[in-house]
Structures are given as structure tokens and as C-alpha cells.
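Protein chains in written order, with full-length UniProt numbering: chain C, 1 to 245; chain U, 1 to 245.
There are 2 protein chains.
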Amino acid sequence: MNPVIQLLKSHRSIRKFTNQPVSDELINEIVACGQAAATSSNIQATTVIRVRNVEKREKIAALSGGQAYVASAGAFLVYCADLHRPQLACEMQGGQFSAGMTEHFIIATVDAALAAQNSVTAAESLGLGICYIGGIRNHPQEIAELLGLPDHVYPIFGLCLGYPAQDPEIKPRLPLSVVLKEECYQNQNDLEGIKAYDEQLRTYYRSRTGGTKDSCWSVEMKGLVGKESRPHMRDFLSRRGFSMK
Amino acid sequence: MNPVIQLLKSHRSIRKFTNQPVSDELINEIVACGQAAATSSNIQATTVIRVRNVEKREKIAALSGGQAYVASAGAFLVYCADLHRPQLACEMQGGQFSAGMTEHFIIATVDAALAAQNSVTAAESLGLGICYIGGIRNHPQEIAELLGLPDHVYPIFGLCLGYPAQDPEIKPRLPLSVVLKEECYQNQNDLEGIKAYDEQLRTYYRSRTGGTKDSCWSVEMKGLVGKESRPHMRDFLSRRGFSMK
Chain C
1 MNPVIQLLKS HRSIRKFTNQ PVSDELINEI VACGQAAATS SNIQATTVIR
51 VRNVEKREKI AALSGGQAYV ASAGAFLVYC ADLHRPQLAC EMQGGQFSAG
101 MTEHFIIATV DAALAAQNSV TAAESLGLGI CYIGGIRNHP QEIAELLGLP
151 DHVYPIFGLC LGYPAQDPEI KPRLPLSVVL KEECYQNQND LEGIKAYDEQ
201 LRTYYRSRTG GTKDSCWSVE MKGLVGKESR PHMRDFLSRR GFSMK
Chain U
1 MNPVIQLLKS HRSIRKFTNQ PVSDELINEI VACGQAAATS SNIQATTVIR
51 VRNVEKREKI AALSGGQAYV ASAGAFLVYC ADLHRPQLAC EMQGGQFSAG
101 MTEHFIIATV DAALAAQNSV TAAESLGLGI CYIGGIRNHP QEIAELLGLP
151 DHVYPIFGLC LGYPAQDPEI KPRLPLSVVL KEECYQNQND LEGIKAYDEQ
201 LRTYYRSRTG GTKDSCWSVE MKGLVGKESR PHMRDFLSRR GFSMK
């Protein structure tokens, strides 16, 4: 196992940080590493907004489900999927922006995720811990207004970065045999793999919480996909120009 | 600059590979590194299908716009955003799957992208080159049928991996000042940054092609977002259970 693979495999989300700030130089380097990721047709649809203002960070923390580390982490970034910049370039050349395509939405979303994950790897290589904040989609309209986002830009997730003040265990994942398939989508052994993982995760939660958390993957999934999730997202996206044509 | 950052910044897509195959052991390690990425609410919505069959790879190459390296690279993986597995787990627990939410579509798409980018970093650390294949969305229905994808699973991109038989230059990116913003979305200097980048990219293309390719970013963007792109995606996704509620 080479050091890069070791680093990737040692990831866990960090939610407690020391007071040490993260320097501008490091943030620049981390965001530049994100830019180095592959980008579909060179669209570079990722825009990163660094929020320093304490009041604004506290507002975002509250809007994201009360995640205090959004305000307290060494640095807080908002990753946006940005089709406004390609639109600007298109119009510079006399073109007319084809707004609202589902395909463009996918390209921009994937672009931002690839860039963010490169940034995360860079940050972790520098000794920082990170936590993605999907909770900024709890109230995306308010976030978009706080950040002054133009149409065709949406806030996809936040990213907390800082020097770790905790050392949590690495969370086990589904068996490789369940997620890596050969030639086609064969799932005759998936139920068995999920059951084995359920037991592994149950043990992990018990050991981590001194026995107080009793859950497993299938129970988590029932909670996640067994009900509506952020049902405002379609209308929000549509209002921002992502009408999913 | 530490070795991880150096690795991330040295990325360029590879489209010519030696004949050396990529071992199963490496592919397993690479996919396991993908699993180690952050995953929204632990959903682990990424499924990777390795295609070895030569005829099938040639079909996928043809369906993806005639990209021959899809068939010839040391390994070819298809990354899928998979809500079928969480559905299975939800139903194991007596829950009822809430199909077609836009939010679940975003979660699954981001999940697959984060996993893929970790896999790419792992692969490049092992001396492999990679190329993402967004072209599998040219004919997603045919790809889904070839791979036997169930409902609520869609093929998001392919990934070619192999030992590089070329050493292309690193493509320049937009200025950091354009993509990293402070406090809110300020873009008063973006036009200037885009124009500077246009010139840089024009020089890069000329030098790389001996003067035959004369293009720049804004021209590329006009070609990309100045017209419809894969207008079949909405109906395809809807038919697969992603109705964007």
C-alpha cells in the first residue's frame, strides 16, 4: 500500500477542530488541486466561495441543521455547480446559452464533486481534517441569497476544513463484492453482503457509542430513502435556472 | 509541495495505453479507495461495473462516440449512481422506497463522483493513466441494457485505466481568482480572467497541435452550452425511475 492509498483509506469526517486557523496559502493550494481534477469538456463548472465572516458562518451553520463546526472550523468553503461562467463565455462569443438542460446540470454537479474530492485529498495530505456539509441544501434559497449566487449557480455542499481535535475510527464500508461487479449488474449476492455489513456496522456503532447507538445500514437507508428528502430541491433548482429539460 | 499535491497537480487525461493489463488486485485496491471517500449519510450509492468482454467494450466504445481506448485500455469501469441498493435495504426493513426525488438523484450522483475521483487518485499513484468517458451518456439506454442495470441505477461515466503510452502536457486551468471567491459571488473581474485564460489556452492548443488547433475557452463554452446537450437525458432518467420530484 503506497502512501497515497494509505491516505485515501484513512479518511474519516472530522467534526471537532483546534483553534489553529488555516492559512490563505493552504486554501489556495487546496482549491488549485481541485482545479487540477478532470473536468467534462474543460467546462470547469466549479466555483468555491470561502466564507470568513463569523455572523455569516453562524447563519449558514443554523441553516444547515445546527452544525456548529460550520462556524468553528478553521475554514469553511461552499462548493457551487456553476453554469453562469460558461454562459458568460458563450455570450462573449455571440452564442446563446441553452439554459436548463439536465445534461448540463449533471456535468456541473459532477465537475464540482470531482474538484472537491481532489481538494479533500490535498487537505488531508496537509494534516487537515474535513467534513462535507450536505445540510446547506436544507435551505438552499437562503444560502444562495446569503452568497449572492446568480442564476445557473447552485450551492451543492459546504466543506469544513481545520486541524483535527478528535481522532474517530474509520467507518467500515459495504463489502467490495457488493459495489464492484463484473460485466453486468449482478446482485444475487447483494442481500447477503448487506446483511453481513449490517452486523459489522452495528458493532462499529455500539463500540463507538458505548452501546447507546443501535443501528445498521439497512435501518439508515430506510430513514434516508424511505421518505421524501429535501422536496424543495426541484423547485429551488428550477427557480435558479436548472429546469431539467 | 508534498508528493500528494504534486500527484494531484500532475493529472492529465491519458488516451493511449500500453498493452500491459491492469491486475485484478490493483482494480480492487482502486475501487476500495473509491469506497473510502465521504458518502452522504453513508448511502454508498456508487456501483462500479468492470467490463472485460472485448465485444461488449467495442460496443460501448462505439456508443460513446467512437472512443477506441474504451476498448483498448488496460481496464474499463462504468461508474453508476445506484439507488437500487438503498431501496433493497429500505425494503428489507419494511420501508417503502420514495422514488424519483431530485435530492436523492443529487446525492447518488455526487457520491459516485467522489468515489471515482478517489479511485483516479489511487490509480495515478500506482503509475496508471486514466480517462473519464462522459460519452457513455450519448446512448445511456443502450448502455443500461448492455449492463443489465435495474431501475434507479444510471450509468454516469466510464473510466479507462491503463499504463500510459503517451505523455501529454498538463492543460492550464482558469485563474484561481476566478474560481475561488470571498464571502459572496463577486464576478466583476471574471471577464478579464476569462480573456487572459482564453489567450493561455489558445497558446497551449497551438503548441500542442503544431498550430492546427485554434481555439480558446470561450469558444469551447459556446460549443458546449450554446446548444442543447444530450437532450435525451431527462426522458432516459425518468424511464429509469429518476423523475426529479
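Every residue, glycine too, gets a C-beta built ideally from N, C-alpha and C.
- Taking a contact as a CB-CB distance under 8 Å, the pair C/L176 and U/V31 counts as one, their CB atoms being some 6 Å apart.
- CA-CA distance, C/M1 to C/G94, rounds to 51 Å.
- Under DSSP, no beta-bridge partner is assigned to C/E124.
- Within the stretch 152-178 of chain U, not a single complete alpha helix (DSSP H) segment reaches 4 residues in length.
- The beta carbon of C/F97 lies closer than 6 Å to those of Q87, C90 in the same chain, with the five residues before and after it left out.
- Note on C/V54: under 16 other CB atoms within 10 angstroms of its CB, so exposed under the neighbour-count rule.
- Secondary structure at C/T18: coil, using DSSP grouped into helix, strand and coil.
- A distance of 8 Å or more separates the beta carbons of U/S41 and U/V110.
- Any Cβ of chain U closer than 8 Å to the Cβ of C/D151 would place that residue at the interface, and such an atom is absent.
- Taking U/N19 as reference, the option from U/I143, U/A113, U/Y69, U/P140 with the minimal CA-CA separation is U/Y69.
- Relative to U/F236, the option among U/L191, U/G100, U/I27, U/A123 whose CA is nearest is U/G100.
- Residue pairing by DSSP places C/E199 opposite no residue, since no beta bridge is assigned to it.
- Looking at the DSSP output, C/I49 shares a beta bridge with C/V78, U/K181.
- For C/G129, the secondary structure class from DSSP, reduced to helix, strand or coil, is strand.
- Per the C-alpha coordinates, the member of U/R50, U/H11, U/E124, U/S119 positioned closest to U/G148 is U/R50.
- If you draw a 10 Å sphere on the C-beta of C/E124, you find 16 or more other C-beta atoms in it, and that means buried.
- Within the stretch 8-22 of chain C, L8, K9, H11, S13 place their CB atoms closer than 7 Å to a CB of chain U, listed in sequence order.
- U/G129 is the residue among U/I143, U/G158, U/Y197, U/G129 whose C-alpha sits nearest the C-alpha of U/A165.
- Collapsing the DSSP output to three states places C/Q44 in coil.
- Three or more pairs of CB atoms, one per stretch, sit closer than 8 Å, so the stretch 59-75 of chain U contacts the stretch 159-173 of chain U.
- Distance from the CA atom of C/R52 to the CA atom of U/E183, rounded to whole angstroms, is 7 Å.
- Remark: C-beta atoms of U/A113 and C/A113 approach each other more closely than 8 Å.
- Here U/P140 is buried, its C-beta having at least 16 other C-beta atoms within 10 Å.
- Contacts with chain U at 8 Å (Cβ-Cβ) include C/K181.
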